[in-house]
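*Asks:* Those sequence lines, one after another, are chains A and B. According to this note's numbering, the first sequence is numbered sequentially starting from 4. According to this note's numbering, the second sequence is numbered sequentially starting from 2. Following this message is one structure expressed as structure tokens.
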Amino acid sequence: MGGGGEGSGDDQALVVQTLAGDRAAFGILVERHAGQARRVARAVLGDPDDADDAAQDGFLSALVKLGQYDPRRPFGPWLMLIVANASTDRRRRRNVRRVEPLDTALVGGGPRPDAAALRSELNQRLRAALAELPERRRKAVVLFDVEGYSHAEIAGILGIPEGTVRSEVFHARRRLRTLLADWKEPMR
Amino acid sequence: MTESPSFDHRPDPELGAALRAALEPGGADDQSVFLARVMAQYDHALGRSSVAMFDVLASWFRPGMVAATAALVLGILFGRTILDRTSPESIDAALAPAEGPGLAALVTAEDPPDPSVVFASLVEP
Numbered sequence: 004m005g006g007g008g009e010g011s012g013d014d015q016a017l018v019v020q021t022l023a024g025d026r027a028a029f030g031i032l033v034e035r036h037a038g039q040a041r042r043v044a045r046a047v048l049g050d051p052d053d054a055d056d057a058a059q060d061g062f063l064s065a066l067v068k069l070g071q072y073d074p075r076r077p078f079g080p081w082l083m084l085i086v087a088n089a090s091t092d093r094r095r096r097r098n099v100r101r102v103e104p105l106d107t108a109l110v111g112g113g114p115r116p117d118a119a120a121l122r123s124e125l126n127q128r129l130r131a132a133l134a135e136l137p138e139r140r141r142k143a144v145v146l147f148d149v150e151g152y153s154h155a156e157i158a159g160i161l162g163i164p165e166g167t168v169r170s171e172v173f174h175a176r177r178r179l180r181t182l183l184a185d186w187k188e189p190m191r
Numbered sequence: 002m003t004e005s006p007s008f009d010h011r012p013d014p015e016l017g018a019a020l021r022a023a024l025e026p027g028g029a030d031d032q033s034v035f036l037a038r039v040m041a042q043y044d045h046a047l048g049r050s051s052v053a054m055f056d057v058l059a060s061w062f063r064p065g066m067v068a069a070t071a072a073l074v075l076g077i078l079f080g081r082t083i084l085d086r087t088s089p090e091s092i093d094a095a096l097a098p099a100e101g102p103g104l105a106a107l108v109t110a111e112d113p114p115d116p117s118v119v120f121a122s123l124v125e126p
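Here it is in structure tokens:
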């Protein structure tokens, strides 16, 4: 299994405890999945504050719907489905699409003083490149390459055929590489 | 960025790490702040869901009552219509002609009936 890998072994037990009213158990679930939920939301929304709002909406929505969760299935994809939908809803409510603007000095190939600045530049480029992608493609590539979900799991999260997921990941990768073609620095 | 096979069924660790870094919300402090803000809404979310359930039930109450009343009234009217229909008291009464012995009397008679009477009883409405 993929992205549920952040300690998914006893997610089901935590769900049962949460359903029994154990607030701390829900806190552990949030802590365990907050990273990927916020990344996925940010991939959809771009703006980090909006993303955190959407991730929070997702967690609270999951809390309310926890009784509908099938414990025979991994928790991560179920949660990501809710977070991705919450992000999409928030994005629809947001009238003006706000894409984090690129620093024109950095884009223009200005001076690159140190590694931190280089890293910052790459991050900005990647976020801008992601923002160029259609939303579904963005979700697919982040869930696959960043969060490690399988094509089948992503198909379940996005509600599309597995073959379409493969295609979306392929096109997203190709587009990202095109947009970042001039990036010559190592990423790590 | 280095090239790697795009249509690969495995995750691309290089691209994944780069995207992860770009999407990473913040440090450990940031994560705990996020956890705190979610947990601050815990009770509110659960309370809101139960309130929402009662809201749904309340919103269905009035149309439900109207529908039930309409069904009751229709049922009463239909029942009264059925009961008001005059039904014959017996099969003999139903078969009895306006005049003459009637079909039942002809069938149970010891003597064979006059054919003209039998045909006349069948022809009668």
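Virtual Cβ for every residue (Gly too), placed ideally from N, Cα, C. Quantities reported herein were computed from a predicted structural model and do not represent experimental measurements.
1) Given that a residue counts as buried once 16 or more other Cβ atoms are within 10 Å of its Cβ, and exposed if not, what is Gly24(A)?
2) Just the chain A side, please: which residues come within less than 7 Å of Gly17(B) by C-beta, in chain order?
3) Show which residues of chain B have a CB atom less than 7 Å away from the CB atom of Leu129(A).
4) Evaluate the contact criterion for the segment 85-97 of chain A versus the segment 31-46 of chain A: three or more CB pairs, one atom per stretch, below 8 Å.
5) What whole-angstrom Cβ distance do Ala175(A) and Arg140(A) have, given they're in contact under 8 Å?
6) By the three-class DSSP mapping on this structure, what secondary structure does Arg122(A) have?
7) Less than 9 Å between the C-beta atoms of Leu133(A) and Leu16(B), yes or no?
8) My output table needs one value for Lys142(A): the three-state DSSP class, helix, strand or coil.
9) Let me confirm a value: Pro114(A) is counted as buried when at least 16 other C-beta atoms fall within 10 Å, else exposed. Which label applies?
10) Could you give the distance in angstroms between the alpha-carbon of Met190(A) and the alpha-carbon of Leu125(A)?
11) If you reduce the DSSP assignment to three classes, tell me which class His154(A) lands in.
12) Compute the Euclidean distance between the alpha carbons of Leu66(A) and Val149(A), then round it to the nearest angstrom.
13) Quick one: measure Cβ to Cβ for Pro80(A) and Ile160(A), integer angstroms, because I've assumed they're closer than 8 Å.
14) Relative to the alpha-carbon of Arg26(A), which residue among Val67(B), Leu36(B) and Leu75(B) has its alpha-carbon at the smallest distance?
15) Using a cut-off of 8 Å between C-beta atoms, extract the partners of Asp13(B) located in chain A.
16) Between the C-alpha atoms of Gly166(A) and Ala155(A), what's the straight-line distance to the nearest angstrom?
17) Note down the Cα distance separating Val145(A) from Asp44(B), rounded to an integer number of angstroms.
18) Is Ala46(B) close to chain A? Criterion is C-beta to C-beta, closer than 9 Å.
19) If we cut at 9 Å on Cβ distances, does Gly38(A) have a partner in chain B?
*Replies:* Looking at the atomic coordinates:
1) By the neighbour-count rule (16 or more Cβ atoms within 10 Å), Gly24(A) is not buried but exposed.
2) For Gly17(B), the neighbours in chain A by C-beta distance under 7 Å run, in chain order, Asp148 and Val149.
3) Listed along chain B, the residues sitting closer than 7 Å to Leu129(A) by beta-carbon distance are Ala19, Leu20 and Ala23.
4) Put simply, the segment 85-97 of chain A touches the segment 31-46 of chain A. At least three CB pairs are less than 8 Å apart.
5) That belief holds up - the Cβ atoms of Ala175(A) and Arg140(A) are roughly 4 Å apart, short of 8 Å.
6) Reduced to three states, the DSSP call for Arg122(A) is helix.
7) No, the pair does not count as a contact, with Cβ atoms beyond the cut-off.
8) Reduced to three states, the DSSP call for Lys142(A) is helix.
9) Since pLDDT at Pro114(A) reaches only 49, below the 50 mark, its modelled position is unreliable, and no value is offered.
10) Note that Met190(A) scores 46 on pLDDT, short of 50, meaning its location in the model is unreliable; the coordinates nonetheless yield the value given after this. Rounded to the nearest whole angstrom, the C-alpha separation of Met190(A) and Leu125(A) is 8 Å.
11) Reduced to three states, the DSSP call for His154(A) is helix.
12) Between Leu66(A) and Val149(A), the C-alpha separation is close to 25 Å.
13) Correct: roughly 5 Å between the Cβ atoms.
14) Ranked by how close their Cα comes to the Cα of Arg26(A), the residues Val67(B), Leu36(B) and Leu75(B) have Leu36(B) in first place.
15) Within chain A, the C-beta atoms nearer than 8 Å to that of Asp13(B) come from Asp148 and Arg176, in chain order.
16) C-alpha separation (whole angstroms): 9 Å.
17) If I take the Cα positions, the gap works out to 32 Å.
18) Taking 9 Å as the CB threshold, Ala46(B) lines the interface with chain A.
19) It does; some Cβ of chain B falls within 9 Å.
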